[in-house]
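Below: one structure, written as structure tokens.
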Amino acid sequence: MTTDISAEEKIKEAARKLFTQKGYAAVKTRDIATEAGINLALLNYYFRSKEKLFEMIMVENIQNFIKGIFGILNKEDTSIETKFEELTSTYIDMLAEQPNLPSFIFNVVREKPDLLLEKLEANSIITNSYFLKQFKAAMEKGEINSSISPIHLLLNFVGLTVFPFIGKPIIQARSGLDQKQFLALMEERKKLIPMWIKTMLKPTN
């Protein structure tokens, strides 16, 4: 039984690595079997197709990411500014611990957006959230900038939070930052990003 579990985990880890590096389309089941150090028949025994394997890994990798957003956006006892403080801290920590996650998500969004929406119901995160009601109410009261939509605000947040991790190799190469210095830079952004978001939200009149 232990051997079976080990083989299955090896397949999943190999697939996760290759899907992250190359994207779904460029990876063949034979590539995964070779990376895992097992034969193709064993891979097919555990996972009937590359599609099924990809779906499983996608759900495992992204579900916690998605649920974390939903949990924070649905808090009724926190302000919009506080929500972004929590989102920033949560996701910088998560991305620091899982450095390959941004690349994997990028590949999923690029190659399998419909699958992402179907399996994780990602389209309901914003539309069904307390955050959206809170945002609209604040806009009607003139408490926030009426020219910015919640979608634009969240897109700006994602860019500010995720891009440094996607561009990490270039950032480190150009700036000379080592791993410890890069993570320290990300810690600084935990304070800076909410501050920038607050500036975006500030009424113009």
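Position 80 (the sequence shown) corresponds to 69 in my numbering; numbering is contiguous.
C-beta: ideal position from N, C-alpha, C; glycine also.
Keep in mind the model is a prediction, meaning the values are calculated, not measured.
Cβ-Cβ separation, residue j to residue i (assumed contact under 8 Å), whole Å
{"i": "M189", "j": "N145", "result": "7 Å"}
{"i": "I69", "j": "A4", "result": "I69 to A4, Cβ: 39 Å. No contact."}
{"i": "V97", "j": "I51", "result": "7 Å"}
{"i": "L149", "j": "I182", "result": "5 Å"}
{"i": "I81", "j": "R178", "result": "6 Å"}
{"i": "I159", "j": "F73", "result": "The pair is not a contact, with the Cβ atoms about 26 Å apart (cut-off 8 Å)."}
Among the options, nearest to residue i - alpha-carbon criterion
{"i": "K101", "options": "E(-2), L62, R178 and A14", "result": "A14"}
{"i": "F213", "options": "I0, L84, K191 and N89", "result": "The structure shown does not extend to residue 213, since the chain is modelled only from -10 to 194, so the question has no answer here."}
{"i": "N134", "options": "T71, P192, I81 and I61", "result": "P192"}
{"i": "S38", "options": "I61, S138 and T18", "result": "T18"}
{"i": "F95", "options": "K187, I137, A85 and F8", "result": "F8"}
{"i": "V48", "options": "S(-5), L90 and K157", "result": "L90"}
{"i": "M83", "options": "F54, E74, I137 and K169", "result": "F54"}
{"i": "L121", "options": "L143, L104, P88 and V16", "result": "L143"}
{"i": "L104", "options": "G131, Y34 and E40", "result": "E40"}
{"i": "A22", "options": "K11, F36, Q10 and G12", "result": "F36"}
{"i": "G26", "options": "M128, E(-3), K11 and G12", "result": "E(-3)"}
{"i": "Q10", "options": "P88, Q170 and F124", "result": "P88"}
{"i": "K56", "options": "S118, Q123 and K180", "result": "S118"}
Assigned secondary structure, residue i (DSSP; H/G/I helix, E/B strand, else coil)
{"i": "K1", "result": "helix"}
{"i": "T193", "result": "coil"}
{"i": "G148", "result": "helix"}
{"i": "A25", "result": "helix"}
{"i": "L166", "result": "coil"}
{"i": "N117", "result": "coil"}
{"i": "E210", "result": "This structure cannot speak to residue 210, because the chain is shown only from -10 to 194."}
{"i": "P183", "result": "helix"}
{"i": "S138", "result": "coil"}
{"i": "V16", "result": "coil"}
{"i": "Q87", "result": "coil"}
{"i": "K101", "result": "coil"}
{"i": "A(-4)", "result": "helix"}
is_contact[residue i, chain C] using C-beta, thresh 9 Å
{"i": "E65", "result": "Going by chain labels, chain C is absent from the structure shown, which holds only one protein chain."}
For this session: Taking only runs that begin and end inside the region 28 to 84, name each unbroken beta strand (DSSP E) of 3 or more residues, in chain order.
Result: Within the region 28 to 84, no complete beta strand (DSSP E) run reaches 3 residues.
Exercise. Looking at C-beta atoms only, is the number of pairs between the region 137 to 156 and the region 172 to 187 that lie closer than 8 Å three or more?
Worked result: Three or more beta-carbon pairs drawn from the region 137 to 156 and the region 172 to 187 are found closer than 8 Å, and the two stretches are therefore classed as touching.
Exercise. Do the region 54 to 69 and the region 24 to 34 make contact, defined as three or more Cβ pairs closer than 8 Å?
Worked result: The region 54 to 69 vs the region 24 to 34: no contact.
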